[in-house]
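*Asks:* With UniProt numbering, the residue at position 439 of the sequence shown is 439, and numbering never jumps.
Even for Gly, the Cβ is constructed at its ideal location relative to N, Cα and C.
Submitted below is the structure of interest, expressed as structure tokens.
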Amino acid sequence: MAGPLTHAVSVPAAPVSLPPPTTPSAATSASAPDSGTASAPDSGAPVTTTAKPTATPSVWPASAAPAPGGDITISGVSLAGLAERYGTPTYVLDEDEVRARARAWRRALPDAEIVYAGKAFLCRAVVDWIEEEGLGLDVCSAGELELAATRGFPADRIVLHGNAKSPEDLRSALRIGVGRIVIDSDCEIARIAAQVQGPGAQQVMVRVLPGIEAGGHKKIRTGAEGQKFGLSIAGGDAEDAVSRILGQPSLELVGLHCHLGSQITTPEPYAQAVRRLVAFLARIHDRYGITLRELDLGGGFAVPYLPDDPAPSPAWFGRRISDELLRACDEFDFPMPRLTVEPGRSIMAPAGVALYRVLSVKRSGGQVFVAVDGGMSDNLRPALYGARYAIRMVGRVPSGPMRATTVVGRHCEAGDVLAESVELPEDVRPGDVLAVPVSGAYHVSMASGYNTTGRPPVVAVAAVGRSRLLVRRESIDDLLRRDVGL
Ligand SMILES: Cc1ncc(COP(=O)(O)O)c(C=O)c1O
Ligand SMILES: N[C@@H](CCCC[NH3+])C(=O)O
């Protein structure tokens with residue numbers, strides 16, 4: 001049988017598990033979420049660095065609850081009902097979960113700047129939520145910037161990244177007046193300097209490569225040598241960039257940045273980065289007589305995709321990073337810089353649930369293939385990184401046992417597989433709704449129009465028990481309208 005639906009619980013809260021929503025008993029015994037124990041993503045309780053990172057790994061938003069008829073509700077809203085109302089595929093985002101996760105980061109590092117990485121998922125409503133929760137925003141394109149600007153997001157809280165910033169990216173950044181631009185190559189130093197006037201007119205940071213290997217997959221490890229991001233500390237490129245920036249009066253160098261990678265499950269790589277960056281800050285001070293005030297450690301904090309995955313909490317990361325920063329500053333006799341972190345996935349992924357409808361079921365080569373009405377065009381992660389998901393059926397009580405099933409998409413690629421060996425009911429059939437938890441980050445933001453299919457809509461649910469459309473479905477008309485050739 002499918003595993004129990006567990007709430008998002010982390011350090012160190014009481015485990016909460018609900019009966020499997022796809023069994024007949026769950027259908028009759030469904031209850032509202034226990035608001036006393038179903039916790040926000042972080043209990044805020046004190047944690048020591050040796051504490052277990054989590055009590056109960058979870059793959060569903062805290063508001064998830066089983067409902068009659070094999071359904072699951074998120075924030076009191078039926079997933080089967082949402083599939084009916086908005087069609088499929090549809091992405092559901094739990095607004096309260098996003099906000100709770102943003103707050104958990106603020107609690108974990110109260111003196112730091114928490115900057116949400118918009119690449120995980122961004123739309124106007126999310127810009128508002130992030131602004132209202134007091135976070136900054138990390139953008140890496142003119143598009144993300146202009147989106148933030150439509151909501152009047154405070155420009156001084158925006159950080160612009162990119163290993164190859166286009167003229168359009170820089171034009172937008174300078175017009176909007178972003179707080180900091182993170183320099184990622186030598187070429188952009190003079191380019192940015194030439195476009196701003198006056199002493200220290202633009203604050204910049206240098207993205208350094210600390211030489212640390214971390215992250216859930218080789219394609220998302222960005223802290224080690226031999227990939228496109230950052231400037232090497234060991235190889236001297238980072239120091240060259242520092243000295244060139246100091247030679248540009250229109251730029252104000254305020255600090256160092258690094259981003260180690262993504263899906264990092266323990267705080268140790270961050271602690272290592274803190275030491276290397278503080279050592280480098282101290283060296284810059286000794287050689288150039290300047291004290292850089294900011295230290296940005298990037299994002300990359302892991303979330304569980306499967307119930308057995310590690311579920312490190314913001315508090316665990318926060319405590320270890322803060323401890324190491326104190327220690328390193330003491331050791332290198334350097335004044336405490338202001339810390340910034342840039343969580344993307346950790347805030348957005350667990351708040352999202354993807355809904356698909358089954359289009360076909362067939363057996364082939366001893367496997368059962370259940371094909372849904374989306375796939376690699378809205379979720380590239382399995383094909384790109386071998387990502388795995390705990391998919392379940394919602395909206396109907398199955399009559400038979402569960403069996404291992406391969407869930408595939410509808411695209412013309414044999415590699416268009418959403419999940420292998422997931423337990424689905426033996427009687428799953430066309431028309432059934434499948435729900436994919438942990439779909440809030442890097443699904444819609446990396447979606448494509450492969451096979452001329454439109455990108456799915458994004459619907460928000462909130463504690464009021466209501467849903468609202470945030471991003472509409474991309475229609476075939478939308479796609480055809482771009483084709484203006486004769
Ligand atoms: C510079 C930078 N900051 C933050 C992030 C966010 O990473 P994550 O969503 O894994 O927290 C990324 C993406 O990996 C990034 O490149
Ligand atoms: N897009 C990736 C992670 C890289 C994030 C941005 N540098 C993912 O889905 O996991």
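Name, in chain order, the residues that DSSP records as bridge partners for P425.
*Replies:* Per DSSP, M402.
*Asks:* Excluding the 5 residues preceding and the 5 following G454 in the sequence, name in chain order all residues of the same chain whose CB lies nearer than 8 Å to its CB.
*Replies:* Cβ within range, chain order: R473, E474, S475, I476, D478, L479.
*Asks:* How close, in whole Å, do the beta carbons of R167 and A354 come, if the pair is a contact with beta carbons under 8 Å?
*Replies:* The amino acid occupying residue 167 in the given sequence is Pro; Arg does not appear at that position. Wrong, their Cβ atoms sit about 36 Å apart, outside the cutoff.
*Asks:* Where M393 and A435 are concerned, what is the direct C-alpha to C-alpha distance, given to the nearest angstrom?
*Replies:* For M393 and A435, the distance between alpha carbons rounds to 6 Å.
*Asks:* Can you list, in chain order, the residues of its chain whose CB lies under 6 Å from that of A27, leaving out five sequence neighbours each side?
*Replies:* At A27 the pLDDT is 29, less than 50, meaning the model places this residue with poor confidence; the figure from the coordinates comes in the next sentence. Within the same chain, A27 has close Cβ partners P68, G69, G70, V397.
*Asks:* Taking the DSSP output, what are the residues bridged to K362?
*Replies:* Answer by DSSP bridge pairing, in chain order: F369.
*Asks:* Can you grab the Cα-Cα spacing for the pair L122 / L145, in whole Å?
*Replies:* Computed Cα separation, rounded: 10 Å.
*Asks:* Evaluate contact between the segment 339-352 and the segment 289-309, counting only Cβ atoms and requiring at least three cross-stretch pairs below 8 Å.
*Replies:* Touching, yes.
*Asks:* Beta-carbon within less than 8 Å of R151's beta-carbon, same chain only, minus the 5 sequence neighbours each way: which residues are those?
*Replies:* Here the set comprises R124, V127, D128, E131.
*Asks:* Taking all protein chains shown into account, decide if P335 is buried (16 or more other Cβ within 10 angstroms of its Cβ) or exposed.
*Replies:* Answer is exposed; the Cβ neighbour count stays below 16.
*Asks:* The beta strand (DSSP E) that contains S243, what's its start and end?
*Replies:* Here S243 belongs to no beta strand (DSSP E); instead the alpha helix (DSSP H) covers 237-246.
*Asks:* From the DSSP output, in three-state form, read off T73 for me.
*Replies:* Three-state DSSP puts T73 in a strand.
*Asks:* Collect the residues with a C-beta less than 5 Å away from any heavy atom of ligand 1 and give them in sequence order along the chain.
*Replies:* Qualifying residues, in the order they occur: A117, A120, H161, H259, S262, G298, G299, G300, E342, P343, G344, R345.
*Asks:* Roughly how many angstroms separate the alpha carbons of G223 and S322, rounded to a whole number?
*Replies:* Straight-line Cα distance between these residues: approximately 20 Å.
*Asks:* Alpha carbon to alpha carbon, what distance is there between L160 and G299?
*Replies:* Spanning the two alpha carbons is a distance of roughly 14 Å.
*Asks:* Report the three-state DSSP secondary structure of R473 (helix, strand or coil).
*Replies:* R473 falls in the coil class under three-state DSSP.
*Asks:* By Cβ distance below 7 Å, which residues in the same chain neighbour Q197 in space, the five residues on each side in sequence not counted?
*Replies:* So the list reads S250, once near-sequence residues are dropped.
*Asks:* Look at the alpha carbon of P314 and the alpha carbon of D416, and state the distance between them as a whole number of angstroms.
*Replies:* Each residue's alpha carbon lies about 33 Å from the other.
*Asks:* Going by the CB atoms, is the gap between I233 and L209 shorter than 9 Å?
*Replies:* Taking 9 Å as the Cβ cut-off, L209 and I233 qualify as a contacting pair.
*Asks:* Say the cut is 8 Å; is the CB of residue 488 nearer than that to a heavy atom of ligand 2?
*Replies:* Not covered by the structure: residue 488. The range shown for the chain is 1 to 486.
*Asks:* Which same chain residues end up closer than 8 Å to Y288 when comparing Cβ atoms and leaving out the 5 residues on each side of it in sequence?
*Replies:* These residues qualify, in order along the chain: V242, S243, L246.
*Asks:* Could you work out which residue in A349, A155, E413, G449 is closest to A438 when comparing CA atoms only?
*Replies:* Reading the sequence as shown, one finds Val at residue 438 and not Ala. The shortest C-alpha separation from V438 is found at A349.
*Asks:* Please state whether the Cβ-Cβ distance between A441 and R345 is less than 9 Å.
*Replies:* Contact flag set, yes.
*Asks:* The alpha helix (DSSP H) that contains G449, what's its start and end?
*Replies:* No alpha helix (DSSP H) holds G449; DSSP gives it neither H nor E.
*Asks:* Based on the DSSP secondary-structure assignment, which residues constitute the bridge partners of H161?
*Replies:* H161 is not bridged to any residue.
*Asks:* CB of I284 to nearest heavy atom of ligand 2: below 8 Å?
*Replies:* Answer for I284: no, Cβ out of range of ligand 2.
*Asks:* Here's a check: name, in chain order, each residue in its chain whose Cβ is nearer than 7 Å to the Cβ of T49, leaving out the five neighbours to either side.
*Replies:* With a pLDDT of only 34 at T49, under the threshold of 50, the placement of this residue in the model should not be trusted; the figure read from the coordinates follows. Here the set comprises R319, R320, D323.
*Asks:* Please determine whether the Cβ atom of R107 lies at a distance below 8 Å from any heavy atom of ligand 3.
*Replies:* With respect to ligand 3, the structure shown offers nothing to examine, as its ligands consist of ligand 1 and ligand 2.
*Asks:* Where I284 and L135 are concerned, what is the direct C-alpha to C-alpha distance, given to the nearest angstrom?
*Replies:* Going from the Cα of I284 to the Cα of L135 covers about 29 Å.
*Asks:* Please state whether DSSP places I192 in a helix, a strand or coil.
*Replies:* It is helical.
*Asks:* Examine ligand 2 and report whether any of its heavy atoms sits within less than 8 Å of the Cβ of A383.
*Replies:* Not so, every heavy atom of ligand 2 lies at least 8 Å from the Cβ.
*Asks:* Examine the Cβ distances between the segment 95-110 and the segment 454-467 and report whether three or more of them are shorter than 8 Å.
*Replies:* The answer is yes - the segment 454-467 touches the segment 95-110, with three or more Cβ pairs under 8 Å.
*Asks:* Between which two residues does the alpha helix (DSSP H) holding A102 run?
*Replies:* Counting along the chain, the alpha helix (DSSP H) containing A102 begins and ends at 95-108.
*Asks:* DSSP three-state call for L82: helix, strand or coil?
*Replies:* Helix at L82.
*Asks:* Considering only their Cβ atoms, is the gap separating P307 from V59 smaller than 9 Å?
*Replies:* Cβ distance < 9 Å, so V59 and P307 count as in contact.
*Asks:* With hydrogens ignored, establish whether the beta-carbon of T150 is closer than 8 Å to any heavy atom of ligand 2.
*Replies:* T150 Cβ: outside cutoff for every heavy atom of ligand 2.
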